[in-house]
Structures are given as C-alpha cells and as structure tokens.
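A short worksheet on the structure shown next.
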Amino acid sequence: MDASEGEGRRTFLGWVGGVIAAMIGGAVGIPLVGYTILPALKRQKLSWHDVGPVAELEPGSPKEIDCIHSVTDGWQKTTTKKSVWAVKDGQGAISVFSPLCTHLGCGYRWEGDQRQFYCPCHNSYFHLDGKVLGGPAPRPLDTLPVKIENGRLLVIYKEFKAGTPAKIEL
Amino acid sequence: MGRQIVQWLDNRLNLGPIRVALLDEPIPGGASWIYIFGSITLFFFLLQMVTGMFLSIYYSPSTEHAYMSIQYIMDDVEFGSFIRGLHHWGASGMMVAIGLHILQVFLYGAYKKPRELLWVVGVVLLILTLAFGFSGYLLPWDQRAYWATQVGINMVGTLPVIGDVLIRVIRGGQNLGAMTLTRFFALHTLFLPWLLMTLVVLHLFILRRVGPAGPWDAAQAAHISEPFWPKQVAMDAVAIGVAFTLIASLALLVPAPLSDPANPSDTSFTPVPEWYFLFYYQLLKYLEGPLEIVGTVVLPILFFLGLFALPWLDRRQGRRPVSRPIVMGAGAGFLLVVFTFLSLSLYEVASLPTSDPSVLRGKALYQELDCAGCHRIHGEGEAFAPDLSYVGDTRSRDWLLQHFKNPQAVVPNSEMPEYGLNEEELSDLTNYMLTLKK
Ligand code: FES
Numbered sequence: 004m005d006a007s008e009g010e011g012r013r014t015f016l017g018w019v020g021g022v023i024a025a026m027i028g029g030a031v032g033i034p035l036v037g038y039t040i041l042p043a044l045k046r047q048k049l050s051w052h053d054v055g056p057v058a059e060l061e062p063g064s065p066k067e068i069d070c071i072h073s074v075t076d077g078w079q080k081t082t083t084k085k086s087v088w089a090v091k092d093g094q095g096a097i098s099v100f101s102p103l104c105t106h107l108g109c110g111y112r113w114e115g116d117q118r119q120f121y122c123p124c125h126n127s128y129f130h131l132d133g134k135v136l137g138g139p140a141p142r143p144l145d146t147l148p149v150k151i152e153n154g155r156l157l158v159i160y161k162e163f164k165a166g167t168p169a170k171i172e173l
Numbered sequence: 047m048g049r050q051i052v053q054w055l056d057n058r059l060n061l062g063p064i065r066v067a068l069l070d071e072p073i074p075g076g077a078s079w080i081y082i083f084g085s086i087t088l089f090f091f092l093l094q095m096v097t098g099m100f101l102s103i104y105y106s107p108s109t110e111h112a113y114m115s116i117q118y119i120m121d122d123v124e125f126g127s128f129i130r131g132l133h134h135w136g137a138s139g140m141m142v143a144i145g146l147h148i149l150q151v152f153l154y155g156a157y158k159k160p161r162e163l164l165w166v167v168g169v170v171l172l173i174l175t176l177a178f179g180f181s182g183y184l185l186p187w188d189q190r191a192y193w194a195t196q197v198g199i200n201m202v203g204t205l206p207v208i209g210d211v212l213i214r215v216i217r218g219g220q221n222l223g224a225m226t227l228t229r230f231f232a233l234h235t236l237f238l239p240w241l242l243m244t245l246v247v248l249h250l251f252i253l254r255r256v257g258p259a260g261p262w263d264a265a266q267a268a269h270i271s272e273p274f275w276p277k278q279v280a281m282d283a284v285a286i287g288v289a290f291t292l293i294a295s296l297a298l299l300v301p302a303p304l305s306d307p308a309n310p311s312d313t314s315f316t317p318v319p320e321w322y323f324l325f326y327y328q329l330l331k332y333l334e335g336p337l338e339i340v341g342t343v344v345l346p347i348l349f350f351l352g353l354f355a356l357p358w359l360d361r362r363q364g365r366r367p368v369s370r371p372i373v374m375g376a377g378a379g380f381l382l383v384v385f386t387f388l389s390l391s392l393y394e395v396a397s398l399p400t401s402d403p404s405v406l407r408g409k410a411l412y413q414e415l416d417c418a419g420c421h422r423i424h425g426e427g428e429a430f431a432p433d434l435s436y437v438g439d440t441r442s443r444d445w446l447l448q449h450f451k452n453p454q455a456v457v458p459n460s461e462m463p464e465y466g467l468n469e470e471e472l473s474d475l476t477n478y479m480l481t482l483k484k
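Same order as they appear, the protein sequences are chains H and P.
Counting from 1 along the first sequence, just add 3 to a position and that's the residue number in the numbering used here.
Counting from 1 along the second sequence, just add 46 to a position and that's the residue number in the numbering used here.
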C-alpha cells in the first residue's frame with residue numbers, strides 16, 4: 004500500500020464516521036426539536052363566557068369582573084379565573100379590557116379618585132376608555148370580544164402580545 | 047495512610063502529569079488576593095448543585111403542588127429552610143462573585159490575546175447563570191414568581207418577527223401555566239447544569255492551556271512566578287470560607303422569601319425581579335412607546351455582543367488600565383449606570399405598596415366593622431359565623447358583593463347585619479376577601 008492510497012482510505016473512513024454521526028444526529032435531533040416546540044404552538048379553541056348581567060354596569064365606573072374559563076394546558080385541564088375590566092361609556096356602549104397591562108403584562112388597577120387605570124410595574128396610566136395617558140405602555144388597553152345575549156354580558160378571554168404598538172393575539 | 051493510597055494509585059494511573067496540570071501551573075507575578083473570585087464562583091456553583099439536588103427530593107414541579115411542596119420544605123422538613131436559604135442566597139452570592147470576577151479580568155485586560163477564547167466562554171457562562179436565575183425564580187410558583195416571569199417572558203416577546211412564537215415556545219403553550227413550570231424545571235435542573243458544567247470544564251481547560259495572565263506590569267509579572275499550589279489555593283480556600291460563612295448566616299437569619307401562591311386572576315400584585323435584574327427593570331420604566339424595544343431587545347443584544355467582541359475591540363498591546371482609557375471609561379460608565387438605576391429602583395421598591403391599596407383598605411374595614419367578632423380567619427376571631435380563612439376559594443366576587451349589600455337576599459336567614467357600605471367600601475372589602483385563599 005503506498006502513501007497516497009493510505010491517505011485516501013483515511014479520508015474515506017473519516018467520511019463514513021461523519022455521515023453516520025450526521026444521520027444519528029438528524030434522526031434524534033429533528034424529532035427532539037419538534038417534540039419541544041410543536042405542542043407549544045397549538046392553539047386552543049376559544050369560547051364565550053358569561054360574566055354576568057349587563058344591567059349592573061354603571062356608566063363611567065369600571066367594574067372588575069371574574070371571567071371563569073376552562074383551559075387545556077398540555078395534559079392539564081383546569082378552570083382558571085381571570086378578572087377583566089368592564090366599562091360602560093356615556094352612550095351605553097360596553098368595552099371589556101384584558102386585565103394585563105400592554106407594556107409587559109402586569110396587572111393594573113383602577114384609581115377611583117384619579118379616574119384612571121394605573122399599572123405599578125413601570126408606571127403606566129390609562130384613561131377610562133383605555134387610551135394611554137402616560138408611562139411606557141405602547142398601546143391602549145386591549146379590548147376583548149364582547150356580545151350581549153338576553154341581558155347577559157359574554158366575553159372571550161384572550162391574551163395579546165405585550166410591548167408592541169400593534170395588538171397581536173398570542 | 048493517605049499517602050500510601052496516593053502512592054498506590056500513582057503507581058497504576060501515573061498521576062504525576064495530572065497533578066502538574068492541575069496544581070503546578072505557574073502564576074506570573076505570584077499568588078494574589080485579586081485572583082480569588084473565579085474560585086468563589088466555582089464554589090458557589092457546586093453549592094447550588096448540591097443544595098439544588100437535595101431540594102428536588104421534596105419539590106414537585108406542578109402548578110398544583112409546587113407551592114405547597116416549597117412550603118413543606120420551609121415549614122416541616124428538618125433543615126429545609128436552611129437548605130433552601132443556602133440555595134436562594136447562594137444564587138445571589140454566585141452573581142456577586144461572577145460580577146467581581148469579570149471586573150477583575152476587565153481591569154487587568156486579561157481577555158486580550160491569547161485569552162480571547164477564555165473570555166468568550168466566560169461570557170457564555172455569565173448568560174447561562176442569568177438563565178439559571180430566571181428559570182429558578184418561577185419554580186416556587188408564588189405570586190412573585192408568576193408575575194415576574196410573566197413580565198420576563200413578555201420582554202422576549204418584543205423581539206420583532208419571532209417574538210410571539212418565542213413566547214409560546216418558552217411558555218410551552220398559550221398561557222403561563224403547567225407546561226411552563228415543567229419546562230422551566232427541566233431547564234433549571236437538567237439542561238442548564240449539564241451545559242454549565244461542560245463549559246466550566248472548558249473554561250478551566252483553556253485557562254490551563256494559555257495560563258493565567260498575571261499582573262499588567264510586565265516587569266512585575268516577570269519578577270516572580272509561583273505555582274497555583276499551595277499559596278493561591280490557600281488564599282482561595284480562605285476566601286471561599288468567608289463567602290460561605292456570609293451566605294450561611296444569611297440563610298439562617300433571613301429565610302428565603304415565599305409570597306402567596308401564584309394566582310393569575312389576582313392582578314393586584316406588583317412583581318419585583320431578583321436584585322441583579324433590578325437596574326434593568328428600572329431602566330424599562332423610562333423607555334416609552336417605540337423606545338421600549340430599545341430596552342427589551344436592542345440594549346441587551348448590544349451589551350452581550352459588545353462583551354463577546356471585547357477582545358477584538360480592544361486589541362492594542364499592553365494591559366495597563368491607564369493606557370486603555372476608552373475601555374476603562376466604558377466600564378466605569380456602565381457601572382455608574384447600573385448603580386444609579388439600582389439605587390433608584392431600590393428606593394422606589396421600598397416605597398411601593400406591594401399589595402393593592404384597595405385590599406389594605408378592605409382589611410382596615412374588616413377591623414373597623416369588627417367582623418372578627420363573629421368570623422374567624424386563620425384562627426383569629428370568633429367561630430360563630432363561617433370561617434373566612436379560604437373564602438376567596440369558595441366565593442366569587444359577585445357573590446361577595448351581593449352578600450355585603452344585602453346578606454339575607456343571598457343567604458336567607460343569615461344573621462349577618464347589613465352595614466350600608468358604599469360602592470368603594472363594598473369593593474374594598476370584597477377585594478380583601480378574595481385574597482383569602484389556600
Ligand atoms: S407592565 Fe405595566 S407598566 Fe410595565
């Protein structure tokens with residue numbers, strides 16, 4: 004066997020090892036990535052939730068109401084309670100706000116004496132109609148889909164991406 | 047006896063070269079107290095590994111049990127509060143040690159050629175440690191954990207294009223819930239430890255190949271050279287002893303915090319991150335509207351890119367700080383910003399009511415009306431009327447409101463008097479009741 008023949012053999016064997024390693028890596032690696040990521044991207048079916056009689060809302064004073072909804076979180080089915088803010092304006096139109104601040108998703112509260120919503124995380128302020136009055140929040144409070152049936156208020160609970168000027172559903 | 051065992055092993059395994067590689071590495075300029083921080087960091091990492099493994103004996107990574115399992119460790123397990131305290135404060139200790147270690151390397155210009163790789167691996171180790179801190183914070187599943195993680199993940203979400211997909215991948219689904227907790231647990235206890243360990247070995251391997259940098263003054267470096275063993279080892283040991291004593295005393299004196307159980311519907315909680323993220327949290331308050339992304343994405347990326355690239359940005363010969371004014375200025379500027387924001391934040395956090403003022407008013411009202419004259423909460427008050435310890439779990443907001451307005455309309459024959467509260471008082475009292483949960 005001369006030297007160049009030995010060299011060629013080595014290169015070939017190196018290639019064999021490399022190809023086998025790549026095959027095993029791909030056969031395990033690709034499923035692992037899918038296993039980790041794909042279940043997380045599935046969307047849940049959203050449904051309407053009855054959150055109480057419309058008549059209880061008073062114009063101009065927001066009300067924190069519980070929205071009880073069932074979520075399927077992987078294998079776990081639970082009912083969770085989120086509180087949403089319902090606001091009736093002067094004309095009687097009703098908006099329901101998601102309870103999460105549009106800045107980075109903390110909970111905010113109503114300050115009755117100042118007549119504004121306030122998020123203590125990074126000091127954002129919102130008007131009764133959801134508009135930003137001050138602070139780092141990039142967009143108004145997120146409204147949730149609402150409808151009224153037989154005098155009851157129905158809401159779909161969703162979350163939106165925080166921190167962007169555009170309202171993007173998660 | 048010990049000597050004989052070593053001899054016996056040495057005869058078979060030829061340990062001489064290994065000992066030389068591990069302990070006899072010469073340090074230019076000799077041993078010094080300024081070199082102790084790397085060893086302290088390594089020590090804290092090992093302490094975290096050991097205490098973490100033992101915490102996982104009792105911990106259960108499920109949304110229903112995580113909180114209670116931590117409570118069990120804290121209240122019922124012998125030495126549980128001490129072990130968790132070590133883990134909690136050890137994490138902070140590790141951050142401080144890393145900070146000082148980086149500062150020393152930075153000041154000494156020890157990242158310069160030929161030690162670029164050592165520095166790069168070090169920066170990756172820093173990032174992994176921050177990831178450890180962030181993922182570990184969620185595990186107790188208390189209010190702090192839940193809401194701080196909510197904010198943290200949302201920050202990642204502000205990344206353009208891939209942000210929303212990334213949020214769901216990190217959360218493991220649409221909500222922050224059971225899937226998030228198991229993910230973070232796996233990351234914190236399996237993925238990150240292995241990764242970090244491998245990189246620590248790599249870091250030390252590179253250090254041993256290129257050797258420590260020593261003082262910036264060439265003459266001083268050439269003056270003497272001492273092996274790592276025994277003087278530097280002794281100095282490291284003393285420093286580690288002091289660091290451990292500090293952390294252990296903290297673990298004994300200040301129990302690791304555990305707030306109320308995570309409650310996605312109680313939005314009244316104001317989350318505050320761990321102190322080493324505080325300066326950054328404060329910074330976010332000033333970046334409004336379109337500038338927000340500068341804080342959540344641009345600055346952190348630039349910061350870490352800058353760190354990675356440092357050995358190539360600062361490539362002039364010579365490590366003397368005075369001959370590197372730009373780099374030193376940048377470092378000092380960074381420290382100034384960090385400490386300014388940190389103190390601003392501490393000041394604000396100290397003056398922040400961590401719970402909703404309305405809940406506090408409700409609590410005051412409860413005392414004012416002498417509700418404890420009939421009701422009992424966690425053993426306090428009369429047991430004449432229903433126990434309210436966990437009323438937040440059993441009654442809804444609406445039920446409570448109606449009931450306070452007109453008790454008999456909701457519970458016929460109730461002996462509860464009607465207090466004629468106004469709307470605000472009604473809602474305060476209800477908010478307080480809703481916080482009473484398991
Ligand atoms: S999350 Fe509300 S101001 Fe930042």
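Glycine residues also receive a C-beta, built at the ideal position from the N, C-alpha and C atoms.
So, are the CB atoms of residue i and residue j less than 7 Å apart?
{"i": "residue 377 of chain P", "j": "residue 152 of chain P", "result": "yes"}
{"i": "residue 273 of chain P", "j": "residue 122 of chain P", "result": "no"}
{"i": "residue 465 of chain P", "j": "residue 409 of chain P", "result": "no"}
{"i": "residue 142 of chain H", "j": "residue 105 of chain H", "result": "yes"}
{"i": "residue 365 of chain P", "j": "residue 155 of chain P", "result": "yes"}
{"i": "residue 107 of chain P", "j": "residue 237 of chain P", "result": "no"}
{"i": "residue 304 of chain P", "j": "residue 116 of chain P", "result": "yes"}
Can you tell me the Cβ-Cβ gap for residue i and residue j, rounded? I've got them flagged as a contact below 8 Å.
{"i": "residue 308 of chain P", "j": "residue 188 of chain P", "result": "6 Å"}
{"i": "residue 144 of chain P", "j": "residue 109 of chain P", "result": "That pair is no contact at about 31 Å."}
{"i": "residue 357 of chain P", "j": "residue 127 of chain P", "result": "Residue 357 of chain P to residue 127 of chain P, Cβ: 44 Å. No contact."}
{"i": "residue 340 of chain P", "j": "residue 333 of chain P", "result": "6 Å"}
{"i": "residue 84 of chain P", "j": "residue 147 of chain P", "result": "5 Å"}
{"i": "residue 89 of chain H", "j": "residue 66 of chain H", "result": "5 Å"}
{"i": "residue 181 of chain P", "j": "residue 234 of chain P", "result": "4 Å"}
DSSP three-state call for residue i: helix, strand or coil?
{"i": "residue 192 of chain P", "result": "helix"}
{"i": "residue 84 of chain H", "result": "strand"}
{"i": "residue 79 of chain H", "result": "strand"}
{"i": "residue 150 of chain H", "result": "strand"}
{"i": "residue 133 of chain P", "result": "helix"}
{"i": "residue 430 of chain P", "result": "coil"}
{"i": "residue 240 of chain P", "result": "helix"}
{"i": "residue 72 of chain H", "result": "strand"}
{"i": "residue 284 of chain P", "result": "helix"}
{"i": "residue 94 of chain P", "result": "helix"}
{"i": "residue 444 of chain P", "result": "helix"}
{"i": "residue 91 of chain H", "result": "strand"}
{"i": "residue 128 of chain H", "result": "strand"}
{"i": "residue 55 of chain H", "result": "strand"}
{"i": "residue 65 of chain P", "result": "helix"}
{"i": "residue 7 of chain H", "result": "helix"}
{"i": "residue 98 of chain H", "result": "strand"}
{"i": "residue 417 of chain P", "result": "helix"}
With a threshold of 7 Å between beta-carbons, can residue i be considered close to chain P, or not?
{"i": "residue 171 of chain H", "result": "yes"}
{"i": "residue 151 of chain H", "result": "no"}
{"i": "residue 91 of chain H", "result": "no"}
{"i": "residue 134 of chain H", "result": "no"}
{"i": "residue 79 of chain H", "result": "yes"}
Looking at chain H, is there any beta carbon in it that lies within less than 7 Å of the beta carbon of residue i?
{"i": "residue 408 of chain P", "result": "no"}
{"i": "residue 207 of chain P", "result": "no"}
{"i": "residue 189 of chain P", "result": "no"}
{"i": "residue 313 of chain P", "result": "yes"}
{"i": "residue 204 of chain P", "result": "yes"}
{"i": "residue 443 of chain P", "result": "yes"}
{"i": "residue 451 of chain P", "result": "no"}
{"i": "residue 479 of chain P", "result": "no"}
Can you pull the chain A residues whose beta carbon is under 7 Å from the beta carbon of residue i, in chain order?
{"i": "residue 165 of chain H", "result": "Any reference to chain A falls outside this structure, whose protein chains are H and P."}
- Cβ contact check for the stretch 311 to 320 of chain P and the stretch 206 to 223 of chain P: 3 or more pairs under 8 Å: no
- Item | Three-pair Cβ contact test at 8 Å for the stretch 290 to 303 of chain P versus the stretch 99 to 112 of chain P | no
- Task: Mind the definition here: the stretch 188 to 201 of chain P touches the stretch 240 to 259 of chain P only if three or more C-beta pairs lie below 8 Å; say whether that holds.
- Result: no
- Task: Could you tell me whether the stretch 35 to 53 of chain H touches the stretch 129 to 146 of chain H, using the rule of 3 or more Cβ pairs below 8 Å?
- Result: no
- Item | Given 8 Å, three or more beta-carbon pairs between the stretch 380 to 389 of chain P and the stretch 445 to 460 of chain P | no
- Counting Cβ pairs, one atom from each stretch, are 3 or more of them under 8 Å apart for the stretch 213 to 230 of chain P and the stretch 29 to 44 of chain H? yes
- Message: Could you check whether the stretch 56 to 73 of chain P touches the stretch 225 to 232 of chain P, counting it as contact only if at least three pairs of C-beta atoms, one from each stretch, sit closer than 8 Å?
- Response: no
- Task: Assess, as a yes-or-no matter, whether the stretch 101 to 121 of chain H is touched by the stretch 147 to 166 of chain H under the definition of 3 or more beta carbon pairs within less than 8 Å.
- Result: yes
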